[in-house]
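Residue numbers (full-length UniProt numbering): 1 to 208.
As structure tokens, this is what we get:
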């Protein structure tokens, strides 16, 4: 009788071709692989940021990576804490794969590992940014007003004003990605969805 995959064997695979047929041993094996994969999340995010440095942000004076770095640098200069700095660095990480809803994609990437208010701001920064340009296309620049009563409204407005919309300046003194790498690794080494980190429903100051 097949006892299932040998655990600890890097070449082992599950016994099933449909998930409903999986055994406990199958899922213990997958859990081991999943844990190893999850531990590499920071590496993959940093690699994606480097790829953004090779992509032009068409029409702008800087690359996608430079925009993220500059946003994070402005946050750090303002005395923001690690959650806000990493949120600023990664707020456009979804641009390549989800240009129409990159804000939501970025928020889902960081949500398990940062405070609730940071992920909310990253998720909604796209609609808040419309204040600066939507009227040029005949769109509603005040679309963000639907969130006027939300406790994170002013945080998101300030995030966009201080860090996002201002960070397209090729002359701004911006450190390299390596400067922020330890922060990315520290955030993504946290336990996912730790209530002590997420602090659901609480809001914090954007800057020190």
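In this text, a Cβ means the ideal position worked out from N, Cα and C, and glycines have one as well.
Please read all numbers here as calculations on a predicted model, not as lab measurements.
Checklist line | Range of the contiguous alpha helix (DSSP H) that encloses residue 47 | finding: Membership of residue 47 in the alpha helix (DSSP H) is indicated by the continuous run 41 to 54.
Notebook entry, point to check: What residues in its chain sit with their C-beta under 8 Å from that of residue 101, if we drop five residues either side in the sequence?
Noted result: 94 and 126
Margin query: Taking 6 Å as the cut-off, is the C-beta of residue 146 nearer than that to any heavy atom in the ligand COA?
Written below: What this structure holds is no ligand at all, so the ligand COA is not there to describe.
Checklist line | Pick from 191, 180, 175 and 158 that is closest to residue 85, judged by C-alpha positions | finding: 180
Next item on the list: State yes or no: is the C-beta of residue 117 within less than 7 Å of the C-beta of residue 69?
Entry: no
Margin query: Taking the alpha helix (DSSP H) that residue 84 belongs to, which residues open and close that run?
Written below: 82 to 90
Check: Helix or strand or just coil, what does DSSP make of residue 200?
Finding: coil
Check: What is the rounded straight-line gap between the Cα of residue 37 and the Cα of residue 136?
Finding: Each residue's CA atom was taken as its position, placing residue 37 and residue 136 some 44 Å apart.
Next item on the list: For residue 18, count neighbouring C-beta atoms within 10 Å of its own C-beta (all shown protein chains included) and say buried if the count is 16 or more, exposed if not.
Entry: exposed
Note to self: Can you look up residue 20 in the DSSP assignment and give me helix, strand or coil?
What the structure shows: Helix.
Margin query: Between residue 71 and residue 167, how many whole angstroms is the CB-CB distance? I'm expecting something under 8 Å.
Written below: 4 Å
Check: Beta carbon of residue 122, beta carbon of residue 107: below 7 Å?
Finding: yes
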